[in-house]
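Asker: Protein sequences, first through last, are from chains A and B. Heads up, the first sequence is in our numbering, so the first residue is 963 and it goes up one at a time. Heads up, the second sequence is in our numbering, so the first residue is 963 and it goes up one at a time. Ideal placement from N, C-alpha and C gives every residue a C-beta, glycine not left out. These figures come from a predicted structure and were not determined experimentally.
Number of protein chains: 2
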Amino acid sequence: MTQSKEINSYMNQLGSEAKEASLILAQASLEQKNDALSCISEQIESDRDEILSINKKDLDLAKQKSIGSALIDRLELNDSRINSMISGLQVVSELPDPVGEITDLDPTPSGIEVSKMRVPLGVVGIIYESRPNVTADAAALCLKSGNACLLRGGSEAILSNKIIWNCLQEGLKKASLPKECIQLVETTDRAAVKTLLHLDDYLDVVIPRGGKGLVQLISDESKVPVIKHLDGICHVYIDEAADIKKAENIAFNAKTYRYGICGAMETLLVHSSVASLLLPSLEDRFSSEGVEVRGCQKTLQVINAIEAKEDDWLTEYLAPILSIKVVEDMSEAIEHIQKYGSQHTDSIVTEDKNKAEYFFKNVDSSSVMHNLPTCWADGFEYGLGAEVGISTDKIHARGPVGLEGLTSQKFIVKGNSNLRGV
Amino acid sequence: MTQSKEINSYMNQLGSEAKEASLILAQASLEQKNDALSCISEQIESDRDEILSINKKDLDLAKQKSIGSALIDRLELNDSRINSMISGLQVVSELPDPVGEITDLDPTPSGIEVSKMRVPLGVVGIIYESRPNVTADAAALCLKSGNACLLRGGSEAILSNKIIWNCLQEGLKKASLPKECIQLVETTDRAAVKTLLHLDDYLDVVIPRGGKGLVQLISDESKVPVIKHLDGICHVYIDEAADIKKAENIAFNAKTYRYGICGAMETLLVHSSVASLLLPSLEDRFSSEGVEVRGCQKTLQVINAIEAKEDDWLTEYLAPILSIKVVEDMSEAIEHIQKYGSQHTDSIVTEDKNKAEYFFKNVDSSSVMHNLPTCWADGFEYGLGAEVGISTDKIHARGPVGLEGLTSQKFIVKGNSNLRGV
Chain A
963 MTQSKEINSY
973 MNQLGSEAKE
983 ASLILAQASL
993 EQKNDALSCI
1003 SEQIESDRDE
1013 ILSINKKDLD
1023 LAKQKSIGSA
1033 LIDRLELNDS
1043 RINSMISGLQ
1053 VVSELPDPVG
1063 EITDLDPTPS
1073 GIEVSKMRVP
1083 LGVVGIIYES
1093 RPNVTADAAA
1103 LCLKSGNACL
1113 LRGGSEAILS
1123 NKIIWNCLQE
1133 GLKKASLPKE
1143 CIQLVETTDR
1153 AAVKTLLHLD
1163 DYLDVVIPRG
1173 GKGLVQLISD
1183 ESKVPVIKHL
1193 DGICHVYIDE
1203 AADIKKAENI
1213 AFNAKTYRYG
1223 ICGAMETLLV
1233 HSSVASLLLP
1243 SLEDRFSSEG
1253 VEVRGCQKTL
1263 QVINAIEAKE
1273 DDWLTEYLAP
1283 ILSIKVVEDM
1293 SEAIEHIQKY
1303 GSQHTDSIVT
1313 EDKNKAEYFF
1323 KNVDSSSVMH
1333 NLPTCWADGF
1343 EYGLGAEVGI
1353 STDKIHARGP
1363 VGLEGLTSQK
1373 FIVKGNSNLR
1383 GV
Chain B
963 MTQSKEINSY
973 MNQLGSEAKE
983 ASLILAQASL
993 EQKNDALSCI
1003 SEQIESDRDE
1013 ILSINKKDLD
1023 LAKQKSIGSA
1033 LIDRLELNDS
1043 RINSMISGLQ
1053 VVSELPDPVG
1063 EITDLDPTPS
1073 GIEVSKMRVP
1083 LGVVGIIYES
1093 RPNVTADAAA
1103 LCLKSGNACL
1113 LRGGSEAILS
1123 NKIIWNCLQE
1133 GLKKASLPKE
1143 CIQLVETTDR
1153 AAVKTLLHLD
1163 DYLDVVIPRG
1173 GKGLVQLISD
1183 ESKVPVIKHL
1193 DGICHVYIDE
1203 AADIKKAENI
1213 AFNAKTYRYG
1223 ICGAMETLLV
1233 HSSVASLLLP
1243 SLEDRFSSEG
1253 VEVRGCQKTL
1263 QVINAIEAKE
1273 DDWLTEYLAP
1283 ILSIKVVEDM
1293 SEAIEHIQKY
1303 GSQHTDSIVT
1313 EDKNKAEYFF
1323 KNVDSSSVMH
1333 NLPTCWADGF
1343 EYGLGAEVGI
1353 STDKIHARGP
1363 VGLEGLTSQK
1373 FIVKGNSNLR
1383 GV
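(1) Have a look at A/Ser1370 and B/Leu1103 and give me their C-alpha separation to the nearest angstrom.
(2) State the Cα-Cα distance for the pair B/Asn1095 and B/Asp997, rounded to the nearest angstrom.
(3) What are the start and end residues of the alpha helix (DSSP H) that includes A/Pro1426?
(4) Which one of B/Lys1207, B/Ile1088, B/Tyr1344 has the shortest CA to CA distance from B/Val1236?
(5) Using the beta-carbon of each residue, which ones in chain A are nearer than 9 angstroms to B/Pro1187?
(6) With a cut-off of 8 angstroms, does the C-beta of A/Leu992 fall near any C-beta of chain B?
(7) Anything in chain B within Cβ reach of A/Met1331, meaning under 9 angstroms, just list it in chain order.
(8) Taking one C-beta from the region 1146-1158 of chain B and one from the region 999-1015 of chain B each time, how about it: are there three or more such pairs within less than 8 angstroms?
(9) What residue range does the beta strand (DSSP E) around B/Glu1254 cover?
(10) Thinking C-alpha only, which one of A/Asp1340, A/Ala1216, A/Ile1299 is nearest B/Leu985?
(11) Roughly how many whole angstroms lie between the Cα atoms of A/Glu1319 and A/Thr1354?
(12) Going by DSSP in three states, B/Ala998 sits in which element: helix, strand or coil?
(13) Using a Cβ-Cβ cutoff of less than 7 angstroms, which residues in the same chain neighbour A/Gly1108 once the five nearest sequence positions on both sides are dropped?
(14) Pull up the DSSP beta-bridge partners for B/Gly1225, would you.
(15) With a threshold of 16 other CB atoms inside 10 Å of the CB of A/Arg1220, please say whether the residue is buried or exposed.
(16) Would A/Pro934 be called buried (16 or more neighbouring beta carbons within 10 Å of its own) or exposed?
(17) If we require 4 or more residues per run, which alpha helix (DSSP H) segments fall completely within the region 1168-1232 of chain A?
(18) Just curious, the beta strand (DSSP E) that A/Ser1028 is in, first and last residue?
(19) Let me know if B/Val1177 comes out buried or exposed under the rule of 16 or more other beta-carbons within 10 Å of its beta-carbon.
(20) What did DSSP end up calling A/Tyr1090 once you bin it into helix, strand or coil?
(21) State the beta-bridge partners of B/Ser1285 as determined by DSSP.
(22) Run down chain B in chain order and give the residues with a C-beta less than 8 angstroms from the C-beta of A/Ile1212.
(23) Indicate the three-state DSSP secondary structure (helix, strand or coil) for A/Thr1312 in the structure shown.
(24) Around the C-beta of A/Ala1267, are 16 or more other C-beta atoms found within 10 angstroms, so that it is buried, or is it exposed?
(25) Counting pairs of beta carbons, one from the region 1305-1321 of chain A and one from the region 1035-1055 of chain B, are three or more of them closer than 8 angstroms?
(26) Run through chain B and tell me which residues come within less than 7 angstroms of A/Lys1208, C-beta to C-beta.
(27) Per DSSP, A/His1332 forms a beta bridge with which residues?
(28) Note down, in chain order, every chain B residue with its Cβ under 8 angstroms from the Cβ of A/Gln989.
(29) Taking only beta-carbon atoms, is B/Phe1248 less than 8 angstroms away from chain A?
(30) Spatial neighbours of A/His1160 within its chain, please: C-beta separation below 6 angstroms, excluding the five flanking residues on both sides.
(31) Kindly give me the distance between the Cβ atoms of A/Pro1170 and A/Val1188, rounded to whole angstroms, as I take these residues to be in contact under 8 angstroms.
(32) Alpha carbon to alpha carbon, what distance is there between A/Ile1265 and A/Gly1386?
(33) Quick one: give me the first and last residue of the beta strand (DSSP E) that A/Gly1133 is part of.
(34) Are the beta-carbon atoms of A/Leu1165 and A/Gly1351 separated by less than 8 angstroms?
(35) With DSSP as the reference, identify every bridge partner of B/Thr956, one or two as the case may be.
(36) Please report how far the alpha carbon of A/Trp1275 lies from the alpha carbon of A/Thr1149, in whole angstroms.
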């Protein structure tokens, strides 16, 4: 399937089948959807050995191509990762059904009764890179929210994705749901992604999961609305009214919990009046953890560090590197966040509640925190059950996107033959 | 200003100034925003004569260009339309402030406290055609929701838009808000629209208001997310369990309340068992009102009408023309709506509540109605206070878009030095 016409017709068929299946899935009961989820997890359990052995083939091919170790790590499935997939399906099945939820609105001028009903979006396209577990995780969230989905994973994971998809298909079949509710793009031809992004007749939204380059490319090309996540340049601001011991722990945890997550702190902002109290002990802890510190001029007056350059404030390291800037007051901290931040997650450490309130109102990020490390930014930790991604957009969904982010609302309007303008 | 480079730099300046002003407006109090709205309406009142005389110039120029009468009608301001603008500002000022509203979320696994705060989107681009009153209406909704806006009206209304914009500027000044909160594109060069649609560094959303052609063009070109409204192919389905007298009144009102609104019924679907009871009397009423009826074969067996062609089911007439189709059951009606509708507004007339419930769940339109004419689809009638448009999208805002549709929510996360993974 190398001809672009063939790809085009194949992708249109997948899209149109998904659209048709989505009408049936939108009407499925909670029981039927949970039934499918539980059949899927049983199937993954019973196919565990086969999944592992097929994943091994993907890994071998990837190693032959001398693909980097980070990618190999993401591509690998093992017993613990399969357990996570299975428990993820369980978590999603325990979540309440978002579909059908009714919100009553205020009385209307004419007396007609208006409410809103939560409904699935329809068909969700998911484009992801090497992690094959996304195949099950994303499909489960789409299924539970009543959306058909069109999955396009990384080419290096194609065999693993197919075997997991077989389990998904088996689960749908056992729950008497159309198999087209979960479509997998089986070709690794890159033209398929471009075509997918133009399936606006069939797809309601596209969610890219991957590095910034991929996401920006998809966002630029897509005719379908995109819920996206670009940078996670997260800040912790230590205020003059901070408890210094708390501040130290929060800053350390925000950087070192995990370097590779989007909620990891990349820049620490410290009020000048507490810099000399806080930074020396932090320097020790970061140094013994192997974290490289890059500081502004004022930071360098207090601790030993590499001099930070303008680019440092704009960089999502995703690595054991941290930039530190000493600021004169909260306003300077907020201005820095406005100028260099990515509107992902930013936190203030202070014992002054008024300052926290001011920070909440004035920092325009998808998550704004008080006395917490930014690494808490996560749909499960927020009580959303699971997340399909974190959005740094403002339209539709912002921050961790759970089931609700995969739905829309329609107006339900009831009357008794009320006529307008009569 | 005919050079595209100059247009580009001018539009970028407008966008960047609006972005900066939006940060201040986002923090404005309810009192300050309402103060601005009331100053604006006073200014429009005191400039009433000048507005009318300048609008006359736009009208004279338009007539010289032999522009159609429908456009001339939309372009014209008179005392009654200025009164509407002023009362519209009053209505918006009486609405509650959407900004800052807090929604508490469920307890989280770790005990961190998560809530959501409603916040403005930032900067809203509004692209509209000839009606100059949109300048005041749209700016008022943006202002109240804490959003800066960038207004681009039709070239034929440029003088009227500028004089109204002067009033807006005066109101902002009196309320001590930056004048850049409401930017007007003062050039009529078409290149400005294209540039506006690429200002994704500054604009958070674009709302086009106009004919389908304009909206489709904007949607295809825009790098900024678009909240859009395409067709309004609205259906009324008269069920076998309908009260025939109610059904007749609803069908008549749905078509004749106003032919040119997007909520006007374009196709009437009638259950075969009530066709001969309903259609003859409806035929009389439509005929005396000058409404042309186009019917399917089964309709023609009951009343005199022009034969409907396939295209009729796909046409938003926005005129005294109606297509009628007789169906065998509710399923056929819903299938017709799925195939030919535009997911705008569709209504069922029945005394059977279970059927109404089924219709609510299975018709995927932004408004689904029971025992009501579709012409009720309107933000003011829904109790939203006012609307900036009606969205037929599913992402972000669906149906009439009021103040809430111009906002987003961010996560507010509070803790007491809770560390993750420790």
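Answerer: Walking through what the data contain:
(1) The sequence position of residue 1370 of chain A within the first sequence is 408, counting from 1. The sequence position of residue 1103 of chain B within the second sequence is 141, counting from 1. Roughly 22 angstroms separates the two Cα atoms.
(2) Against the second sequence, residue 1095 of chain B aligns to sequence position 133. Against the second sequence, residue 997 of chain B aligns to sequence position 35. Each residue's Cα considered, the two are about 20 angstroms apart.
(3) There is simply no residue 1426 of chain A to check, as chain A begins at 963 and stops at 1384 in what is shown.
(4) What you label residue 1236 of chain B is simply residue 274 of the second sequence in a count that begins at 1. Minimum Cα distance to B/Val1236 is reached at B/Lys1207.
(5) Numbered from its first residue, the second sequence carries residue 1187 of chain B at position 225. Near B/Pro1187 (Cβ distances below 9 angstroms), the residues of chain A are Pro1187, Val1188, Asp1355, Lys1356, Ile1357, His1358.
(6) Position 30 of the first sequence holds residue 992 of chain A. It does not; no Cβ of chain B falls within 8 angstroms.
(7) Reading the first sequence from its first residue, position 369 is the one you call residue 1331 of chain A. Those within 9 angstroms of A/Met1331 in chain B are Ile1074, Phe1373, Ile1374, Val1375, Lys1376, Gly1377.
(8) no
(9) On the second sequence, position 292 is the one that residue 1254 of chain B refers to. Segment 1254-1257, the beta strand (DSSP E) holding B/Glu1254.
(10) Locating residue 985 of chain B in the second sequence gives position 23, counting from the first residue. Measuring from the Cα of B/Leu985, the nearest candidate turns out to be A/Ile1299.
(11) In the first sequence, the residue the question calls residue 1319 of chain A occupies position 357. In the first sequence, the residue the question calls residue 1354 of chain A occupies position 392. Distance between the alpha carbons of A/Glu1319 and A/Thr1354: 22 angstroms.
(12) Along the second sequence, one-based indexing puts residue 998 of chain B at 36. The answer is helix: DSSP assigns B/Ala998 an H, G or I state.
(13) Along the first sequence, read from residue 1 onward, the residue named residue 1108 of chain A stands at position 146. Leu987, Ala988, Ala990, Val1061, Pro1082.
(14) Translated into positions along the second sequence, residue 1225 of chain B becomes position 263. DSSP output for B/Gly1225 lists no bridge partner at all.
(15) Residue 1220 of chain A sits at position 258 when you count from the first residue of the first sequence. Burial call: exposed.
(16) Nothing can be reported for residue 934 of chain A, as the shown portion of chain A is limited to 963 through 1384.
(17) 1174-1183, 1206-1218
(18) As a position in the first sequence, residue 1028 of chain A is number 66, starting the count at 1. Neither: A/Ser1028 is in no beta strand (DSSP E) and is coded neither H nor E.
(19) Residue numbering aside, residue 1177 of chain B sits at position 215 when the second sequence is read from its first letter. With 16 or more Cβ atoms within 10 Å of its Cβ, B/Val1177 is classed as buried.
(20) Along the first sequence, read from residue 1 onward, the residue named residue 1090 of chain A stands at position 128. A/Tyr1090: strand per DSSP, three-state reduction.
(21) On the second sequence, residue 1285 of chain B is found 323 positions in, with the first residue counted as 1. Note: B/Ser1285 sits in a beta bridge opposite B/Thr1229, B/Arg1256.
(22) Counting from one through the first sequence, the residue named residue 1212 of chain A turns up at place 250. Within chain B, the residues near A/Ile1212 are Ser1379, Leu1381.
(23) Numbered from 1 along the first sequence, position 350 holds the residue referred to as residue 1312 of chain A. Coil, per DSSP.
(24) Locating residue 1267 of chain A in the first sequence gives position 305, where the first residue counts as 1. Answer is buried; the Cβ neighbour count reaches 16.
(25) no
(26) As a position in the first sequence, residue 1208 of chain A is number 246, starting the count at 1. The contacting residues are Ser1379.
(27) Taking the first residue of the first sequence as 1, we reach residue 1332 of chain A at position 370. Paired residue(s): A/Ile1310, B/Lys1376.
(28) Numbered from 1 along the first sequence, position 27 holds the residue referred to as residue 989 of chain A. Near A/Gln989 (Cβ distances below 8 angstroms), the residues of chain B are Lys1323, Asn1324.
(29) Within the second sequence, numbered from 1, the residue matching residue 1248 of chain B stands at position 286. Judged by the 8 angstroms Cβ criterion, B/Phe1248 is not in contact with chain A.
(30) To locate residue 1160 of chain A, count along the first sequence from 1; it is residue 198. So the list reads Lys1185, once near-sequence residues are dropped.
(31) As a first step, residue 1170 of chain A must be located in the first sequence, where it is residue number 208. As a first step, residue 1188 of chain A must be located in the first sequence, where it is residue number 226. Between A/Val1188 and A/Pro1170 the Cβ distance is about 7 angstroms, and since that is below 8 angstroms, they are a contact.
(32) The displayed coordinates of chain A run from 963 to 1384. Any statement about residue 1386 of chain A would go beyond what the structure contains.
(33) As a position in the first sequence, residue 1133 of chain A is number 171, starting the count at 1. Note, A/Gly1133: premise wrong, no beta strand (DSSP E); alpha helix (DSSP H) at 1120-1136.
(34) The residue labelled residue 1165 of chain A in the question sits at position 203 within the first sequence. The residue labelled residue 1351 of chain A in the question sits at position 389 within the first sequence. Against a cut-off of 8 angstroms, the Cβ pair of A/Gly1351 and A/Leu1165 comes out as no contact.
(35) The question about residue 956 of chain B has no answer here: the residues shown for chain B are numbered 963 through 1384.
(36) Here residue 1275 of chain A refers to the residue found at position 313 when the first sequence is read from its first residue. Here residue 1149 of chain A refers to the residue found at position 187 when the first sequence is read from its first residue. Roughly 40 angstroms separates the two Cα atoms.
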